[in-house]
Amino acid sequence: MCKVVIKKVGSYDSRTVYIAVKEIMLQQRINRLVNRDTKILIKPNMLSRHAPDKAVTTNPVVVDCVITVLKEFGAKAENITLADSSGGPASRGVIQGNYNTCGFSLVAEKHNVNLYTKMSSRTLKTDGVMVKEFEVMRPAVESDLIINLAKFKTHVMTGMTGAVKNMFGVVPGLKKAEFHMRFPDKENFANMLIDLCQAVKPTFTIVDGIQAMEGDGPAGGSVRNLGLLLAGSDPYKIDMAMAYIMGFEAENLPVLKAAMDRGLVPARLEMTDITGDVQRYQRCEGYILPRSYRLDFGDHVPRALRWATPAVEKFLAPKPKINKPRCIGCGKCRSICPQKTIEIKDKKAVINLKNCIKCFCCHEMCPVKAIDIKRSSFFKI
Ligand code: SF4
Ligand code: SF4
Numbered sequence: 001m002c003k004v005v006i007k008k009v010g011s012y013d014s015r016t017v018y019i020a021v022k023e024i025m026l027q028q029r030i031n032r033l034v035n036r037d038t039k040i041l042i043k044p045n046m047l048s049r050h051a052p053d054k055a056v057t058t059n060p061v062v063v064d065c066v067i068t069v070l071k072e073f074g075a076k077a078e079n080i081t082l083a084d085s086s087g088g089p090a091s092r093g094v095i096q097g098n099y100n101t102c103g104f105s106l107v108a109e110k111h112n113v114n115l116y117t118k119m120s121s122r123t124l125k126t127d128g129v130m131v132k133e134f135e136v137m138r139p140a141v142e143s144d145l146i147i148n149l150a151k152f153k154t155h156v157m158t159g160m161t162g163a164v165k166n167m168f169g170v171v172p173g174l175k176k177a178e179f180h181m182r183f184p185d186k187e188n189f190a191n192m193l194i195d196l197c198q199a200v201k202p203t204f205t206i207v208d209g210i211q212a213m214e215g216d217g218p219a220g221g222s223v224r225n226l227g228l229l230l231a232g233s234d235p236y237k238i239d240m241a242m243a244y245i246m247g248f249e250a251e252n253l254p255v256l257k258a259a260m261d262r263g264l265v266p267a268r269l270e271m272t273d274i275t276g277d278v279q280r281y282q283r284c285e286g287y288i289l290p291r292s293y294r295l296d297f298g299d300h301v302p303r304a305l306r307w308a309t310p311a312v313e314k315f316l317a318p319k320p321k322i323n324k325p326r327c328i329g330c331g332k333c334r335s336i337c338p339q340k341t342i343e344i345k346d347k348k349a350v351i352n353l354k355n356c357i358k359c360f361c362c363h364e365m366c367p368v369k370a371i372d373i374k375r376s377s378f379f380k381i
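So the sequence shown is numbered by my numbering: it starts at 1 and just counts up by one.
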């Protein structure tokens with residue numbers, strides 16, 4: 001039975017992280033999967049250009065320690081590729097800049113492993129529910145082993161982003177925006193993410209929750225010193241454990257609800273599903289959830305008005321709102337918006353909400369947190 005490993009790790013001190021990572025990977029017998037010819041993809045979360053202490057991206061110390069351990073297991077540096085595609089354009093310059101700021105370039109240099117900037121893609125066919133064919137970066141189909149190094153974060157659209165959603169980064173650059181356009185509905189979007197995760201099949205996942213993100217993640221939230229690594233070979237169970245620790249009801253999260261409906265994960269984890277520092281498998285007191293995560297707005301609506309929920313939901317749903325004094329007019333939100341509904345006027349972003357599908361990609365990508373989530377005052381009643 002695949003268990004979720006929970007490991008208490010108090011800081012990014014490299015020796016401490018190395019010991020924890022090695023213990024986890026030995027316990028999960030990753031050493032048996034590695035030899036000098038094994039082609040390995042290391043897939044961190046590199047949402048966009050953020051310094052490691054912002055808790056937006058997987059901390060480079062975790063990436064560094066995982067590569068060290070893989071090399072100790074016999075992997076050859078030339079067979080290891082470190083790759084992720086951020087949310088914006090996938091040009092070499094942009095991706096390289098992101099690797100540099102996130103601290104991954106230095107890790108790749110230290111270990112002499114490949115840092116993937118080419119972003120060429122290959123077609124991956126699948127028998128998915130929503131999608132039968134994905135364009136993914138080549139190492140995602142050409143590697144024997146995929147090590148998924150996700151970040152423990154909240155997410156304004158999907159509630160949280162952990163093991164399953166981290167796989168979305170194998171879709172190069174702005175091709176991700178096409179999926180937001182095709183599946184504006186959260187439920188369909190979640191099923192697409194599951195199709196992708198089932199097709200790519202990450203071998204092993206470690207979620208970096210040493211410094212986690214709470215509030216309006218995945219980029220606009222605040223840092224929470226959580227002191228945990230979560231790991232295992234079942235990304236759905238890992239996300240269930242994350243959801244529980246954050247304080248979510250799993251059935252309110254679109255990805256986990258879809259996974260449950262497909263029979264990929266049970267409705268709740270038992271203590272027998274957890275191993276390691278099991279006493280840390282508990283709700284984290286006061287963990288701040290994003291303001292816009294619920295799958296079913298009906299729960300917030302007075303009983304007498306529930307019949308009208310689908311009709312009024314689009315008016316009540318949270319919306320992106322430009323914080324003008326903060327906006328620096330960089331245009332990143334405009335280039336990522338799948339609906340092309342953002343303009344830059346007088347050096348400030350302006351959203352035409354009529355065409356907005358509330359994917360919050362703009363909120364994710366803004367480098368200065370100038371896109372707020374405006375929630376209806378109805379829900380404050
Ligand atoms: S809202 Fe953010 S991403 Fe958009 S133009 Fe302003 S600063 Fe740039
Ligand atoms: S304005 Fe923002 S939330 Fe609306 S569609 Fe564009 S990127 Fe998505």
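Cβ coordinates follow ideal geometry from the N, Cα and C atoms, glycine included.
Everything numeric in this text was worked out from a predicted model, so none of it was measured.
What I want to know is whether the C-beta of residue i ends up closer than 6 angstroms to one or more non-hydrogen atoms of ligand 2.
i      : result
LYS354 : no
PRO320 : yes
THR161 : no
ILE351 : yes
GLN339 : yes
CYS362 : yes
ILE342 : yes
What are the start and end residues of the alpha helix (DSSP H) that includes residue i?
i      : result
ASP239 : 235 to 246
ASP261 : 254 to 261
GLU72  : 60 to 72
TYR281 : First-last for TYR281: undefined, no H or E at that position.
SER335 : 332 to 336
VAL21  : 14 to 27
GLU249 : No alpha helix (DSSP H) contains GLU249, which DSSP labels as neither H nor E.
PHE183 : Taken as a continuous stretch (DSSP letters only), PHE183 belongs to no alpha helix (DSSP H), as it is neither H nor E.
HIS363 : 361 to 365
When every heavy atom of ligand 4 is checked, does at least one fall within less than 6 angstroms of the C-beta of residue i?
i      : result
LYS358 : Because ligand 4 does not appear in the structure shown, any question about it cannot be addressed here, the ligands present being ligand 1 and ligand 2.
For the beta strand (DSSP E) containing residue i, name the first residue and the last one.
i      : result
GLN198 : Looking at the DSSP string, GLN198 is not in any beta strand (DSSP E); the run it does join, the alpha helix (DSSP H), is 186 to 200.
PRO44  : 40 to 44
MET213 : 204 to 214
SER222 : 222 to 232
PRO320 : 319 to 322
LYS8   : 4 to 8
LYS354 : No beta strand (DSSP E) contains LYS354, which DSSP labels as neither H nor E.
THR161 : 159 to 161
If we call anything under 7 angstroms between Cβ atoms a contact, is residue i one with residue j?
i      : j      : result
ALA77  : ASN31  : no
ARG280 : ILE6   : yes
ILE206 : ALA259 : no
GLU187 : PRO254 : yes
PHE360 : VAL107 : no
GLN339 : ASN323 : no
ASP208 : THR58  : yes
VAL129 : VAL170 : no
LYS39  : SER143 : yes
ASP84  : MET119 : no
GLY215 : HIS363 : no
VAL4   : ILE274 : yes
VAL21  : VAL69  : yes
THR203 : ILE146 : yes
TYR236 : VAL265 : yes
ALA317 : LYS369 : no
ILE373 : ARG291 : yes
ILE288 : PRO320 : no
LEU124 : PHE134 : yes
Check the DSSP bridge columns for residue i and list the partner residues they point to.
i      : result
LEU82  : ILE42 and LEU115
LYS345 : LYS348
LYS374 : LYS319
GLY276 : ILE6
Ligand 1 and residue i: does any heavy atom of the ligand fall closer than 6 angstroms to the residue's C-beta?
i      : result
LYS22  : no
ALA370 : yes
LYS201 : no
CYS333 : yes
ILE328 : yes
CYS2   : no
CYS197 : no
CYS366 : yes
Let me know the beta strand (DSSP E) ranges lying completely inside the region 93 to 156, each 3 residues or longer, listed in chain order. 121 to 125, 133 to 137 and 145 to 155
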